[in-house]
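Working notes, structure below.
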Amino acid sequence: MKKIFLLAVLASGLAFGQSKKVVSSDVHWWGYKVAKTESSSHDGTVKVKSGNMIMKGNELVGGDFVLDMTSINATDLSGEYQGKLNGHLKNGDFFEVEKFPSASFKITSVKKNSDKVYNKLVTGNLTVKGKTNQVSFPAKVNYANGVVSLESNKFSWDRQKFDVAYKSSMKDVFVKDEIDMTVKVSAK
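Numbered per mature numbering (1 follows the signal peptide of the UniProt record, and there is no 0), the sequence shown spans residues -17 to -1, 1 to 171.
Pasting the structure below:
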């Protein structure tokens, strides 16, 4: 009976994939003022609270990640200006972290990509402030010695689709809709 149970467990792992827990991450963002240029941008980080990647054999087939939005941090500034921008990003003007302390991304497909460096196209459902929209990005995916790593190329998503709207009298005149990101995660 134990052999049958063990065989069933192994077979289900092969059919549904093996889950690997995220052990390291680096999520970087860029937001832009009127003109989308380096000189008109702010950038920073947000921490991955938890996550996993699903492997089927040597291929990434799924996964999900939770971002700790309370950790959003502008790294291009320091001191008083950094504190002001961080507070601005966390309050009702943008991410409302008191009401929405986390965001998430659930991988729905991983396909081959024609780019030689970023060999996969990862598609998934991004949920920010309770709103979910599909986002795709090119990524390098590697699997070796039981560790899977995913590193995205820089990609954009439209903050307006998630109700991340600047709530000032000038509304969104000064801030571009696109937020650029890069994501690096490793799991084992």
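Where a beta carbon is used, it is the ideal one built from N, C-alpha and C, also for glycine.
*Can you grab the Cα-Cα spacing for the pair M52 / K99, in whole Å?*
Working through the sequence shown from its first residue, we reach residue 52 at position 69. Working through the sequence shown from its first residue, we reach residue 99 at position 116. Straight-line Cα distance between these residues: approximately 33 Å.
*Check whether K16 and A170 have beta carbons under 8 Å apart*: Working through the sequence shown from its first residue, we reach residue 16 at position 33. Working through the sequence shown from its first residue, we reach residue 170 at position 187. No, Cβ-Cβ distance for K16 and A170 is not below 8 Å.
*For K67, name the three-state secondary structure that DSSP assigns.*
In the sequence shown, counting from the first residue as 1, residue 67 sits at position 84. Looking at K67 - three-state DSSP - the assignment turns out to be helix.
*Given that a residue counts as buried once 16 or more other Cβ atoms are within 10 Å of its Cβ, and exposed if not, what is K82?*
Walking along the sequence shown from the start, residue 82 turns up at place 99. Its Cβ having fewer than 16 others within 10 Å, K82 is exposed.
*asked:* Under DSSP, the beta strand (DSSP E) around F145 begins and ends at which residues?
replied: Locating residue 145 in the sequence shown gives position 162, counting from the first residue. Premise fails: F145 is in no beta strand (DSSP E) and is neither H nor E.
*Out of G(-1), W13 and K159, state which residue places its alpha-carbon closest to the alpha-carbon of T28.*
Within the sequence shown, the letter at position 45 stands for residue 28. Residue W13 is the option with its Cα nearest to T28.
*For N96, count neighbouring Cβ atoms within 10 angstroms of its own Cβ and tell me buried if that reaches 16, exposed if not.*
In the sequence shown, counting from the first residue as 1, residue 96 sits at position 113. Label assigned to N96: buried.
*Go ahead and label V130 buried or exposed: buried means 16 or more other beta carbons lie within 10 angstroms of its beta carbon, across all protein chains shown.*
Translated into positions along the sequence shown, residue 130 becomes position 147. With fewer than 16 Cβ atoms within 10 Å of its Cβ, V130 is classed as exposed.
*Nearest to E110 (by Cα), restricted to the options A127, D163, A86 and N102*: As a working mapping, residue 110 is identified with position 127 in the sequence shown. The residue you asked about is not Glu; residue 110 is Thr in the sequence shown. Out of A127, D163, A86 and N102, A86 has the C-alpha closest to the C-alpha of T110.
*Verify whether the separation of the beta carbon atoms of K94 and V124 is less than 8 Å.*
Walking along the sequence shown from the start, residue 94 turns up at place 111. Walking along the sequence shown from the start, residue 124 turns up at place 141. For K94 and V124, no; Cβs fall outside 8 Å.
*asked:* Taking DSSP's pairing of strands, which residues face S7 in a bridge?
replied: Counting from 1 along the sequence shown, the entry for residue 7 is found at position 24. Secondary-structure assignment with DSSP links S7 through a beta bridge to S169.
*Would you report the Cα separation of G(-1) and N35, rounded to the nearest angstrom?*
Numbered from 1 along the sequence shown, position 17 holds the residue referred to as residue -1. Numbered from 1 along the sequence shown, position 52 holds the residue referred to as residue 35. One C-alpha to the other measures close to 12 Å.
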